[in-house]
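Colleague: The sequence shown begins at 1 in the UniProt record's numbering and counts up by one.
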Amino acid sequence: MSERSKFLSCRCHPRRLLLRSPRTASGPSAAPIPRSEMKTREERQALRASMPRTPLSAHHMENARLLPDRGELLYRIPNGGIGVEVGAAFGEYTAEILEKNRPAQLYLIDPWSMDRYSSGLDSIHTQFAAEIAAGRLHLMQGTSLEKLAEFEDDFLDWAYIDTDHSFELTWQELLLCEKKVKRTGRIAGHDFCTGNTVKPIVYGVVEAVTKFCKDYGWQFEFLTVESHAHFSYCLKRL
């Protein structure tokens, strides 16, 4: 069976997903505060306090390398393979992926349902018409959790997550990606930072990623250090 035929039939795309995942025993004990309601300092403090703090050991970090930006990261993750960008929006990073990583097959997941990103799907169809027609680029419209679940296990060479940055959704995405990437695969993502200081919005990416590394035996391979402080991470299995 070909690599492509392993993938279950799907047709569409996702980016910054505001869908909340069902709570699991692995998640934090306190109920999360919806991001739309985080308007006070007290609410943000409560959300921060509700997330787990997971100390890592040296072996989770000792082989990590710093990179100047996430464009450089694309040269380092497995190239020429099968990847998924979870949260594609208008396709800005998609263009970099196609140019620098040169995947044989690239899947884009995004609901494109929010007002902010609703025109993203049309933009992607326009920008990447040739890649879509050639069967190299596949659009999966829907939420991250439902669309990631459609991949067969051990199918992907890498996954890049850039969705709503909440702890709970990021955690569930990491658990799914852990099954869907190959044993030699990578899980990467954006906004490895504590939040958006302009909004302000609290993120849970750091907490989800560090807990995932410790609980499931992954290590940091790369961290990017951009001046805007919205860093990217790349993980591989220990």
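For each residue, glycine too, the CB sits at the ideal point set by N, CA and C.
Since the model is a prediction, treat every value here as computed from it, not as a measurement.
What number of angstroms, rounded off, separates the C-alpha of I77 from the C-alpha of F155?
Modeller: Position 77 of the sequence shown holds residue 77. Position 155 of the sequence shown holds residue 155. Approximately 15 Å, taken between the alpha carbons.
Colleague: State the Cα-Cα distance for the pair N79 and N101, rounded to the nearest angstrom.
Modeller: Numbered from 1 along the sequence shown, position 79 holds the residue referred to as residue 79. Numbered from 1 along the sequence shown, position 101 holds the residue referred to as residue 101. So the alpha carbons of these two residues sit roughly 5 Å apart.
Colleague: Determine the contact status of G120 and G91, defining contact as a CB-CB distance below 8 Å.
Modeller: As a position in the sequence shown, residue 120 is number 120, starting the count at 1. As a position in the sequence shown, residue 91 is number 91, starting the count at 1. A contact, by the Cβ cut-off of 8 Å.
Colleague: Contact defined as beta carbons within less than 8 Å: I believe F192 pairs with H60. What is the distance between those atoms, to the nearest angstrom?
Modeller: Translated into positions along the sequence shown, residue 192 becomes position 192. Translated into positions along the sequence shown, residue 60 becomes position 60. With a Cβ gap of about 14 Å, F192 and H60 do not count as contacting.
Colleague: Would you check if there are 3 or more beta carbon pairs closer than 8 Å linking the region 63–75 to the region 142–157?
Modeller: No contact exists between the region 63–75 and the region 142–157.
Colleague: Return the CA-CA distance between G195 and S50, expressed in angstroms with no decimal places.
Modeller: Translated into the one-based positions of the sequence shown, residue 195 becomes position 195. Translated into the one-based positions of the sequence shown, residue 50 becomes position 50. Using only the alpha carbons, I get a separation of about 15 Å.
Colleague: Is E168 near D69, with beta carbons less than 8 Å apart?
Modeller: Taking the first residue of the sequence shown as position 1, residue 168 is located at position 168. Taking the first residue of the sequence shown as position 1, residue 69 is located at position 69. No, the pair does not count as a contact, with Cβ atoms beyond the cut-off.
Colleague: In whole angstroms, what is the alpha-carbon distance linking M114 and P55?
Modeller: What you label residue 114 is simply residue 114 of the sequence shown in a count that begins at 1. What you label residue 55 is simply residue 55 of the sequence shown in a count that begins at 1. Their backbone Cα atoms lie some 35 Å apart in a straight line.
Colleague: Between K180, K179, L145, which lies nearest to T163 when the distance is taken from Cα to Cα?
Modeller: By one-based count along the sequence shown, residue 163 stands at place 163. When only C-alpha atoms are compared, the closest one is L145.
Colleague: If you draw a straight line from the alpha carbon of A58 to that of C213, how long is it in whole angstroms?
Modeller: As a first step, residue 58 is located in the sequence shown; it is residue number 58 there, counting from the start. As a first step, residue 213 is located in the sequence shown; it is residue number 213 there, counting from the start. Looking at the two C-alpha atoms, the distance is approximately 12 Å.
Colleague: When you compare only the Cα positions, how much space is there between I201 and R44?
Modeller: Position 201 of the sequence shown holds residue 201. Position 44 of the sequence shown holds residue 44. The straight-line gap from Cα to Cα measures roughly 8 Å.
Colleague: Measure from the alpha carbon of V181 to the alpha carbon of each residue in L98, R237, P111, then state which is nearest.
Modeller: Taking the first residue of the sequence shown as 1, we reach residue 181 at position 181. Of the listed residues, the one whose Cα sits closest to V181 is R237.
Colleague: May I have the straight-line CA-CA distance separating A46 from P52, to the nearest angstrom?
Modeller: Locating residue 46 in the sequence shown gives position 46, counting from the first residue. Locating residue 52 in the sequence shown gives position 52, counting from the first residue. In a straight line, the C-alpha of A46 is about 12 Å away from that of P52.
Colleague: Per DSSP, Q219 forms a beta bridge with which residues?
Modeller: In the sequence shown, counting from the first residue as 1, residue 219 sits at position 219. Q219 is bridged to K236.
Colleague: How many Å lie between R41 and I109 at the Cα?
Modeller: The residue you call residue 41 lines up with position 41 of the sequence shown. The residue you call residue 109 lines up with position 109 of the sequence shown. If you take the alpha carbons of R41 and I109, they lie about 33 Å apart.
Colleague: Three-state secondary structure (DSSP) at P28?
Modeller: Within the sequence shown, residue 28 is the residue found at index 28, counting from 1. Annotation note: pLDDT 39 at P28 (below 50); position unreliable, coordinate value reported separately. Looking at P28 - three-state DSSP - the assignment turns out to be coil, as it is neither helix nor strand.
Colleague: DSSP has residue 280 in a bridge; who is on the other side?
Modeller: The structure shown does not extend to residue 280, since the chain spans only 1 to 238, so no value can be given for it.
Colleague: Since I believe L139 is in contact with I161 (beta carbons under 8 Å), could you give me their beta-carbon distance rounded to a whole number of angstroms?
Modeller: By one-based count along the sequence shown, residue 161 stands at place 161. By one-based count along the sequence shown, residue 139 stands at place 139. That belief does not hold up - the Cβ atoms of I161 and L139 are roughly 17 Å apart, past 8 Å.
Colleague: For the alpha helix (DSSP H) that L121 lies in, which residues bound it at each end?
Modeller: Translated into positions along the sequence shown, residue 121 becomes position 121. That run of the alpha helix (DSSP H) goes 120–127.
Colleague: Excluding five sequence neighbours on each side, which residues of the same chain lie with their C-beta closer than 7 Å to the C-beta of S232?
Modeller: Along the sequence shown, one-based indexing puts residue 232 at 232. Once the five neighbours on either side are set aside, the close Cβ partners of S232 are R70, L73, A188, G189, H190, F192, T224.
Colleague: Hey, could you find the ends of the beta strand (DSSP E) W158 is sitting in?
Modeller: Indexing the sequence shown from 1 puts residue 158 at position 158. Looking at the DSSP string, the run of the beta strand (DSSP E) that includes W158 is 156–161.
Colleague: When you compare only the Cα positions, how much space is there between L137 and H165?
Modeller: In the sequence shown, residue 137 corresponds to position 137, counting from 1. In the sequence shown, residue 165 corresponds to position 165, counting from 1. Looking at the two C-alpha atoms, the distance is approximately 25 Å.
Colleague: Grouping DSSP H, G and I as helix and E and B as strand, with all else coil, what is H138?
Modeller: Start at 1 with the first residue of the sequence shown, and residue 138 comes out as number 138. In this structure, H138 counts as strand in the three-state DSSP scheme.
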